[in-house]
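Chemist: The structure follows.
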Ligand SMILES: [Zn+2]
Ligand SMILES: [Zn+2]
């Protein structure tokens, strides 16, 4: 399988839906400073031709690999996205859902990437109650402990501010 569809039949039979299955490879990227890699990408849906354009309606599933926002350990989770894109030989530059194709080959890779990126969580956590790293010595508090005195933090007026900010992020 590949991320490229041969759409010659759809262009010859406008309005007829052609089911397909495809996959895609997307290079590792950085999203808001975090490395993000998609694996096991599977695309399943149908495409329909209309004159010189082809509409694709599909579900994309993948595994996304990144790192925990608190403890920086590797995190992976399943992700699914709806892909609704239109492909044109001369795409409208003002339409973000329209992509270019040449000849009879529609390459889904860019549209698949855009659909998956939109479904990324605001931040990755290895678990809901990840304790993160000690802000002083950097030890991973999920797996270890340190001798940094917690009392110091509580007397620091900025730690109150920090917990307010962290609580805000949860919303
Ligand atoms: Zn974590
Ligand atoms: Zn510490």
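Numbering (the numbering used here), first residue to last: 47 to 217. Glycine included, every Cβ here is placed at the ideal spot set by N, Cα and C.
Taking C-beta to C-beta, are residue 49 and residue 70 nearer than 8 angstroms?
Modeler: Yes, Cβ-Cβ distance for residue 49 and residue 70 is below 8 angstroms.
Chemist: Using the rule of at least 16 other Cβ atoms within 10 Å of the residue's Cβ for burial, across every protein chain shown, is residue 91 buried or exposed?
Modeler: Burial call: buried.
Chemist: Do you know offhand how far residue 82's Cα is from residue 168's?
Modeler: Rounded to the nearest angstrom, the two C-alpha atoms are 12 angstroms apart.
Chemist: Per DSSP, what kind of secondary structure is residue 187 in: helix, strand or coil?
Modeler: Three-state DSSP puts residue 187 in coil, outside helix and strand.
Chemist: Using C-beta distances below 7 angstroms, list every residue in its chain close to residue 162, excluding the 5 sequence neighbours before and after it, in chain order.
Modeler: Excluding residues within five positions, the ones whose Cβ falls inside 7 angstroms are 84, 106, 108, 125 and 127.
Chemist: Write down every uninterrupted run of the beta strand (DSSP E) in the stretch 109-161 whose length is 3 residues or greater and which is fully enclosed by it, in chain order.
Modeler: Taking only runs of at least 3 residues, the beta strand (DSSP E) segments lying wholly in the stretch 109-161 are 120-134, 144-146 and 151-153.
Chemist: What would DSSP say about residue 53, mapped onto helix, strand or coil?
Modeler: Of the three classes helix, strand and coil, the one that applies to residue 53 here is coil, per DSSP.
Chemist: Whether or not the stretch 135-143 and the stretch 114-123 are in contact is what I'm after, with contact meaning three or more pairs of Cβ atoms, one per stretch, closer than 8 angstroms; do they touch?
Modeler: At 8 angstroms Cβ cutoff, the stretches do not touch.
Chemist: Name, in chain order, the residues that DSSP records as bridge partners for residue 83.
Modeler: BP columns for residue 83 point to 111.
Chemist: Kindly list the residues whose CB is nearer than 6 angstroms to the CB of residue 155, restricted to its own chain and excluding five residues on each side of it in sequence; keep chain order.
Modeler: Closer than 6 angstroms at Cβ, skipping near neighbours: 49 and 70.
Chemist: For residue 171, is the beta carbon positioned less than 7 angstroms from some heavy atom of ligand 1?
Modeler: Yes, since a heavy atom of ligand 1 falls inside the 7 angstroms radius drawn around the Cβ of residue 171.
Chemist: If I follow the unbroken beta strand (DSSP E) through residue 69, where does it start and stop?
Modeler: 63-69 is the extent of the beta strand (DSSP E) around residue 69.
Chemist: Would you say the beta carbon of residue 180 comes nearer than 7 angstroms to a heavy atom of ligand 1?
Modeler: No.
Chemist: Within this structure, are the beta carbons of residue 176 and residue 114 separated by less than 8 angstroms?
Modeler: A contact, by the Cβ cut-off of 8 angstroms.
Chemist: Is residue 116 near ligand 1, judged by its Cβ being under 7 angstroms from some heavy atom?
Modeler: At least one heavy atom of ligand 1 is nearer than 7 angstroms to the Cβ of residue 116, so yes.
Chemist: Checking 8 angstroms against the spacing of the C-beta atoms, do residue 87 and residue 152 come in under that value?
Modeler: Taking 8 angstroms as the Cβ cut-off, residue 87 and residue 152 do not qualify as a contacting pair.
Chemist: Rounding to the nearest angstrom, what Cα-Cα distance links residue 147 and residue 54 in this structure?
Modeler: Their Cα atoms are separated by approximately 12 angstroms.
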